[in-house]
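Take a look at the structure below.
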Amino acid sequence: MLMLRRIHLQPGLMARHVSSKPGKRSFSLRAVCGAGLVGCGAGYLLSRMDGQLRERQLPGAGFRVCCEEMITPKQQALPNELRGIVGKQHVVENVTETGTMVGKGHAMVVVRPGTLQETMKVLEACLNAEVAILPQGAKTGITGGSVPRPCDRPMVVISTQRLQKILPIGDEAKQVLCFAGAGIFSVQETLKPLNRDSHSVLGSIFLNPSVAAGVAFGSGGTQIHKGPAFTNRALYCRVDANGQLKLVNTLGLNAHEDVVAFLDNAQALSSKDMDAKCTRAASWPKYPQHLTKLDGQVSRYNADLTGEDCNRSEGKVFILATIHDTFPMPQESKMVWVSCKDFATANHIKQKVALASPNCLPKQFEYMGREQFDCVDQGGRGIIKLIEMVGMSNLGTLWNFKLKFESLPLPFVNIIADKLLWYLNSAIPESLPKPLMEQGRKFDHHLIMEMTEFGNGELKQLDERLQRQLALNPGDISCYVCQDAFEKSRVMLFRFAVQPSIQTITVGKGRQGLIIDYAMPKNFDRILEMPKDCDIEMRCLCSHFGCNVFHESLMLSNDVDVKEVKKRIKQVIDEAGGKLPAEHGHGTEYEAPCSTQERWKRIDPTNSMNPGVGHSSSLKGYL
Ligand SMILES: Cc1cc2nc3c(=O)[nH]c(=O)nc-3n(C[C@H](O)[C@H](O)[C@H](O)COP(=O)(O)OP(=O)(O)OC[C@H]3O[C@@H](n4cnc5c(N)ncnc54)[C@H](O)[C@@H]3O)c2cc1C
Numbered sequence: 001m002l003m004l005r006r007i008h009l010q011p012g013l014m015a016r017h018v019s020s021k022p023g024k025r026s027f028s029l030r031a032v033c034g035a036g037l038v039g040c041g042a043g044y045l046l047s048r049m050d051g052q053l054r055e056r057q058l059p060g061a062g063f064r065v066c067c068e069e070m071i072t073p074k075q076q077a078l079p080n081e082l083r084g085i086v087g088k089q090h091v092v093e094n095v096t097e098t099g100t101m102v103g104k105g106h107a108m109v110v111v112r113p114g115t116l117q118e119t120m121k122v123l124e125a126c127l128n129a130e131v132a133i134l135p136q137g138a139k140t141g142i143t144g145g146s147v148p149r150p151c152d153r154p155m156v157v158i159s160t161q162r163l164q165k166i167l168p169i170g171d172e173a174k175q176v177l178c179f180a181g182a183g184i185f186s187v188q189e190t191l192k193p194l195n196r197d198s199h200s201v202l203g204s205i206f207l208n209p210s211v212a213a214g215v216a217f218g219s220g221g222t223q224i225h226k227g228p229a230f231t232n233r234a235l236y237c238r239v240d241a242n243g244q245l246k247l248v249n250t251l252g253l254n255a256h257e258d259v260v261a262f263l264d265n266a267q268a269l270s271s272k273d274m275d276a277k278c279t280r281a282a283s284w285p286k287y288p289q290h291l292t293k294l295d296g297q298v299s300r301y302n303a304d305l306t307g308e309d310c311n312r313s314e315g316k317v318f319i320l321a322t323i324h325d326t327f328p329m330p331q332e333s334k335m336v337w338v339s340c341k342d343f344a345t346a347n348h349i350k351q352k353v354a355l356a357s358p359n360c361l362p363k364q365f366e367y368m369g370r371e372q373f374d375c376v377d378q379g380g381r382g383i384i385k386l387i388e389m390v391g392m393s394n395l396g397t398l399w400n401f402k403l404k405f406e407s408l409p410l411p412f413v414n415i416i417a418d419k420l421l422w423y424l425n426s427a428i429p430e431s432l433p434k435p436l437m438e439q440g441r442k443f444d445h446h447l448i449m450e451m452t453e454f455g456n457g458e459l460k461q462l463d464e465r466l467q468r469q470l471a472l473n474p475g476d477i478s479c480y481v482c483q484d485a486f487e488k489s490r491v492m493l494f495r496f497a498v499q500p501s502i503q504t505i506t507v508g509k510g511r512q513g514l515i516i517d518y519a520m521p522k523n524f525d526r527i528l529e530m531p532k533d534c535d536i537e538m539r540c541l542c543s544h545f546g547c548n549v550f551h552e553s554l555m556l557s558n559d560v561d562v563k564e565v566k567k568r569i570k571q572v573i574d575e576a577g578g579k580l581p582a583e584h585g586h587g588t589e590y591e592a593p594c595s596t597q598e599r600w601k602r603i604d605p606t607n608s609m610n611p612g613v614g615h616s617s618s619l620k621g622y623l
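In structure tokens form, the structure reads like this:
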């Protein structure tokens with residue numbers, strides 16, 4: 001704010017000085033010279049300030065310089081070859097890509113295949129031209145994994161955004177086959193009329209992130225009985241040690257000579273298409289049992305090596321399609337907002353109500369601390385209003401427009417949208433019903449719990465447990481029951497606005513920001529103590545509480561070295577037995593442990609795919 005004010009003031013002061021000189025001719029000459037000087041000065045100041053702003057870390061941010069690659073003749077010919085495969089309108093050259101919250105980089109080409117067969121041909125062509133391949137979904141990842149970065153070869157982004165097919169399997173749709181780019185919101189909408197619930201709901205669902213990226217990250221989210229995005233039934237491509245493309249098929253479909261062509265042409269899948277003998281898991285096995293065993297293990301984390309190689313592969317293989325279990329739709333649901341005086345009470349409710357039995361889990365059980373509540377209220381009203389106005393399904397387009405705009409080579413473009421949201425925030429009505437806002441402001445710790453009924457009395461059991469806790473501590477807890485679908489959706493939107501609002505606040509207040517995602521052991525029942533002297537001005541804490549996965553959104557003073565702060569926080573998390581990252585992936589923000597890097601080397605021995613992810617080598621063959 002202070003910086004922007006200075007920009008407006010400075011030219012004004014200089015102009016006044018110029019016009020006070022006497023003599024008409026000399027005045028006009030001087031005026032012209034003066035105006036020129038003012039222009040140069042203002043330009044210099046603008047570019048300096050823009051430079052300073054870009055150096056400042058926004059939450060998780062880091063700008064990447066374009067790589068200056070040596071382009072070989074084969075690489076030069078690649079765009080034309082790709083046009084021949086996918087059509088010219090689906091190939092864009094020389095693209096500057098901006099990630100959601102983190103990263104900006106240069107891609108030689110962005111290509112959007114429309115079928116699985118085209119995708120394989122595109123992959124072959126890229127391998128032949130010896131470029132680095134970057135699989136990309138909806139680009140909502142917040143650790144920069146799908147944003148181009150400097151590398152020893154040009155990077156080609158293969159976007160899955162045209163691979164949208166969703167095929168519920170059989171009449172009961174107990175499983176669903178999704179093409180890589182199908183969005184999780186679209187899957188949810190497709191399954192609704194079939195009375196089934198989708199496999200994954202993330203805080204970013206309003207941006208329709210892709211199913212394949214969910215698998216590639218092991219994305220988590222709010223729905224605790226489903227576990228992280230995980231499947232051992234997949235169709236994916238990997239590059240072998242000779243640089244050849246290999247198709248891996250663990251889908252468990254009945255044999256087809258050409259499974260890729262079969263899926264491209266399939267309009268529906270019946271149970272007859274499935275190999276009845278296939279017992280491969282299509283969701284995390286026994287997650288509720290694992291979750292309710294409150295031991296020293298973490299519930300889920302990104303460096304977990306369990307399962308087929310496509311899981312948590314972070315773009316080191318190319319996922320074409322996956323099969324996922326679907327879940328029964330609840331017959332009834334009740335959303336409550338429980339506010340507690342202290343964290344111990346919130347934790348007590350977790351143990352005695354939410355995780356008391358694996359057969360009776362709430363559908364969602366989220367935690368939000370006081371500063372997080374204030375942060376969403378002070379920075380998130382705009383995005384909540386926007387979602388309400390344009391609807392979830394249209395927000396992705398607006399979001400992508402914002403990212404495109406922010407990648408323009410103009411001063412301040414990376415902050416304009418958030419500055420605007422920041423200034424407009426107080427003019428927009430509060431996002432939650434009035435009594436809930438009042439309750440929110442009165443307490444420091446908040447739980448959002450959705451209790452659901454599946455026909456075995458689950459809702460009643462959970463509610464009774466909750467009522468017992470409320471009766472035990474009447475002064476320390478307050479409970480608000482959402483009255484209707486509108487109030488429920490408002491509560492969920494308030495929760496989903498957590499990530500965008502910290503961006504808005506840090507930009508609005510002109511500070512640095514940092515987002516950290518970690519899982520604490522299931523029996524860890526405190527709030528992690530932050531290292532001292534980190535100059536944290538605002539600490540927003542929220543959590544997928546049932547899984548003990550935490551997200552810290554920190555606003556930091558402009559003087560601190562954000563990377564250093566991050567390192568110190570990582571150390572504290574490690575010492576307490578936690579794992580970082582938990583669900584956002586390593587991307588370019590976290591160093592993957594040796595075991596993960598070894599696995600990536602095994603599945604991509606030539607380092608053709610997503611080089612440099614998780615601080616691994618970005619050089620061909622990892623040399
Ligand atoms: C507001 C907001 C809230 C969020 N909330 C959550 C949350 O609650 N839980 C959570 O886990 N995450 C959350 N995220 C992070 C993000 O939405 C998820 O990581 C999501 O799964 C990314 O999907 P995408 O399609 O946008 O992937 P992208 O960002 O496009 O890609 C992510 C990674 O997947 C790889 N990838 C993409 N497609 C393929 C493919 N076909 N084959 C192989 N690799 C591939 C990319 O190379 C990259 O490494 C949130 C993000 C935002 C902005």
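Under full-length UniProt numbering, the first residue of the sequence shown is numbered 1, with each subsequent residue one higher. Idealized CB from N, CA, C, for every residue including glycine.
Per DSSP, which residues does M449 bridge with? Please list them.
V336, F365
Classification of T143 by the beta-carbon crowding that lies within 10 angstroms, buried from 16 upward:
buried
Looking at the structure shown, is H615 part of a helix, part of a strand, or coil, going by DSSP?
helix
Could you tell me if the beta carbon of F405 falls within a distance shorter than 6 Å of some heavy atom in ligand 1?
no
Bridge partners - D197, DSSP secondary structure assignment:
F327
Which first and last residues belong to the beta strand (DSSP E) in which E537 is found?
536-544
Along the chain, where does the alpha helix (DSSP H) containing Q161 start, and where does it finish?
No alpha helix (DSSP H) holds Q161; DSSP gives it neither H nor E.
Boundaries (first-last residue) of the alpha helix (DSSP H) holding N94:
Per DSSP, N94 belongs to no alpha helix (DSSP H); it is in the beta strand (DSSP E), 91-98.
Measuring only the C-alpha atoms, how far is C237 from A261?
15 Å
Based on the DSSP output, what are the partners of T322 in its beta bridges?
C178, A234
Can you tell me which residues form a DSSP beta bridge with D517?
H551
Where does the unbroken alpha helix (DSSP H) through K192 begin, and where does it stop?
Neither: K192 is in no alpha helix (DSSP H) and is coded neither H nor E.
Sequence-distant residues of the same chain with beta carbon closer than 7 Å to Q89, five excluded per side
none
Just to confirm, does L202 get its C-beta within under 6 Å of one of the non-hydrogen atoms of ligand 1?
yes
Short Cβ contact (7 Å threshold) for L367 with F545
Going by the sequence as given, residue 367 is Tyr instead of Leu. For Y367 and F545, yes; Cβs fall inside 7 Å.
Alpha carbon to alpha carbon, what distance is there between K363 and E332?
11 Å
Every unbroken alpha helix (DSSP H) inside the stretch 364-443 [4 residues or more]
370-379, 381-390, 392-406, 413-424, 434-442
Report the rounded CA-to-CA distance for F454 versus S198, giving the unit in angstroms.
15 Å
Assign M108 to one of three DSSP states: helix, strand, or coil.
strand
Any idea what DSSP makes of A132, helix, strand or coil?
strand
Are the beta-carbon atoms belonging to residue 643 and I169 less than 7 Å from one another?
It is not possible to answer for residue 643, since the shown part of the chain is limited to 1 through 623.
Spatially closest choice to D275 from A255, S283, N265, by CA coordinates
A255
Can you find the residues in the same chain that come closer than 7 Å, C-beta to C-beta, to V253, ignoring five residues on each side of it along the sequence?
Position check: residue 253 holds Leu in this sequence, whereas Val was assumed. Closer than 7 Å at the Cβ level, and outside the excluded window around L253, lie V259, D273, M274, D275.
Name the residue from N473, N242, A138, P228 whose alpha carbon lies nearest to the alpha carbon of W284.
P228
Can you tell me whether L305 is buried or exposed? The criterion is at least 16 other CB atoms within 10 Å of its CB, across all chains shown.
exposed
Cβ shell of T96 (< 7 Å), same chain only, five flanking positions each side left out:
K104, H106, S407
Given S159 as reference, the closest of D418, T504, A356, F318 once Cα atoms are compared
F318
What does the alpha-carbon distance come out to for the pair L619 and F179?
30 Å
Residue range of the alpha helix (DSSP H) that S489 falls in?
485-496
For a test of the three-state rule: what should DSSP assign to V239, helix, strand or coil?
strand
I need the straight-line Cα distance from C310 to K334, nearest angstrom please.
36 Å
What do you get for E598, buried or exposed, if any count of 16 or more other CB atoms within 10 angstroms of its CB means buried?
exposed
From the DSSP output, read off the bridge partner residues of N249.
L235
Taking the C-alpha atoms as reference points, what is the distance between V157 and E130?
13 Å
Inter-stretch contact (C-beta, 8 Å, three-pair minimum) for the stretch 512-522 and the stretch 400-417
no
Count the other CB atoms within 10 Å of the CB of Q372; is the residue buried (16 or more) or exposed (fewer)?
buried
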